[in-house]
Amino acid sequence: MYNNLQFLINPFFLLKILMLIMIFVFIIFMLIVLVQVRSMARTINQPRTAIVVTVGIILLLAAASLFLTSLVIL
100 MYNNLQFLIN PFFLLKILML IMIFVFIIFM LIVLVQVRSM ARTINQPRTA IVVTVGIILL
160 LAAASLFLTS LVIL
(Lines of atoms letter the chains of each structure in order from A and count residues from 1; the text may use other names and numbers.)
(Lines give C-alpha, C1' and ligand atoms only; values in the text may rest on other atoms or scores of the structure.)
Protein backbone atom coordinates (compact mmCIF):
# COMPACT_ATOMS: atom_id res chain seq x y z
CA MET A 1 0.00 0.00 0.00
CA TYR A 2 1.32 3.45 -0.95
CA ASN A 3 1.73 5.86 1.91
CA ASN A 4 0.91 9.51 1.21
CA LEU A 5 4.00 10.71 3.07
CA GLN A 6 6.54 8.64 1.13
CA PHE A 7 7.48 11.64 -1.02
CA LEU A 8 9.14 13.13 2.09
CA ILE A 9 11.80 10.40 1.93
CA ASN A 10 12.64 11.21 -1.70
CA PRO A 11 16.19 12.68 -1.77
CA PHE A 12 15.30 15.14 -4.54
CA PHE A 13 12.45 16.51 -2.45
CA LEU A 14 14.81 16.92 0.50
CA LEU A 15 17.33 18.64 -1.75
CA LYS A 16 14.66 21.07 -2.96
CA ILE A 17 13.64 21.86 0.60
CA LEU A 18 17.28 22.40 1.55
CA MET A 19 17.74 24.77 -1.39
CA LEU A 20 14.66 26.75 -0.37
CA ILE A 21 15.96 27.06 3.18
CA MET A 22 19.41 28.17 1.98
CA ILE A 23 17.94 30.79 -0.37
CA PHE A 24 15.66 32.08 2.40
CA VAL A 25 18.60 32.37 4.82
CA PHE A 26 20.58 34.19 2.11
CA ILE A 27 17.73 36.67 1.61
CA ILE A 28 17.58 37.38 5.35
CA PHE A 29 21.36 37.75 5.48
CA MET A 30 21.33 40.18 2.55
CA LEU A 31 18.62 42.28 4.22
CA ILE A 32 20.73 42.51 7.38
CA VAL A 33 23.85 43.44 5.39
CA LEU A 34 21.98 46.11 3.42
CA VAL A 35 20.67 47.72 6.59
CA GLN A 36 24.16 47.69 8.11
CA VAL A 37 25.78 49.17 4.98
CA ARG A 38 23.14 51.88 4.76
CA SER A 39 23.61 52.86 8.41
CA MET A 40 27.40 52.76 7.98
CA ALA A 41 27.10 55.03 4.93
CA ARG A 42 25.19 57.57 7.00
CA THR A 43 27.76 57.39 9.79
CA ILE A 44 30.88 57.89 7.68
CA ASN A 45 29.12 59.97 5.01
CA GLN A 46 30.57 58.12 2.02
CA PRO A 47 28.80 58.53 -1.33
CA ARG A 48 30.44 55.44 -2.86
CA THR A 49 28.47 53.05 -0.67
CA ALA A 50 25.43 53.66 -2.90
CA ILE A 51 27.02 51.26 -5.39
CA VAL A 52 27.30 48.61 -2.69
CA VAL A 53 23.66 49.10 -1.72
CA THR A 54 22.57 48.92 -5.37
CA VAL A 55 24.50 45.69 -5.95
CA GLY A 56 23.05 44.32 -2.72
CA ILE A 57 19.51 45.14 -3.82
CA ILE A 58 20.13 43.44 -7.18
CA LEU A 59 21.47 40.35 -5.39
CA LEU A 60 18.47 40.41 -3.06
CA LEU A 61 16.03 40.57 -5.96
CA ALA A 62 17.87 37.76 -7.74
CA ALA A 63 17.73 35.61 -4.61
CA ALA A 64 14.03 36.36 -4.14
CA SER A 65 13.26 35.40 -7.73
CA LEU A 66 15.31 32.22 -7.32
CA PHE A 67 13.35 31.44 -4.15
CA LEU A 68 10.02 31.93 -5.91
CA THR A 69 11.17 29.86 -8.89
CA SER A 70 12.25 27.05 -6.58
CA LEU A 71 8.94 27.25 -4.77
CA VAL A 72 7.04 26.91 -8.05
CA ILE A 73 9.20 23.96 -9.15
CA LEU A 74 8.65 22.27 -5.80
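For the sequence shown, the numbering used here assigns the number 173 to the last residue and increments by one with no breaks. Even glycine gets a Cβ: it sits at the ideal position worked out from N, Cα and C. None of the values given here were measured: they were computed from a predicted structure.
So the candidates are Leu167, Leu160 and Gly155; which of them puts its Cα closest to the Cα of Val132?
Out of Leu167, Leu160 and Gly155, Gly155 has the C-alpha closest to the C-alpha of Val132.
Could you pull out every residue in the same chain whose Cβ sits closer than 8 Å to the Cβ of Ile172, ignoring the five residues on either side in sequence?
Closer than 8 Å at Cβ, skipping near neighbours: Lys115.
To the nearest angstrom, how far is the alpha carbon of Asn103 from that of Leu170?
Rounded to the nearest angstrom, the two C-alpha atoms are 20 Å apart.
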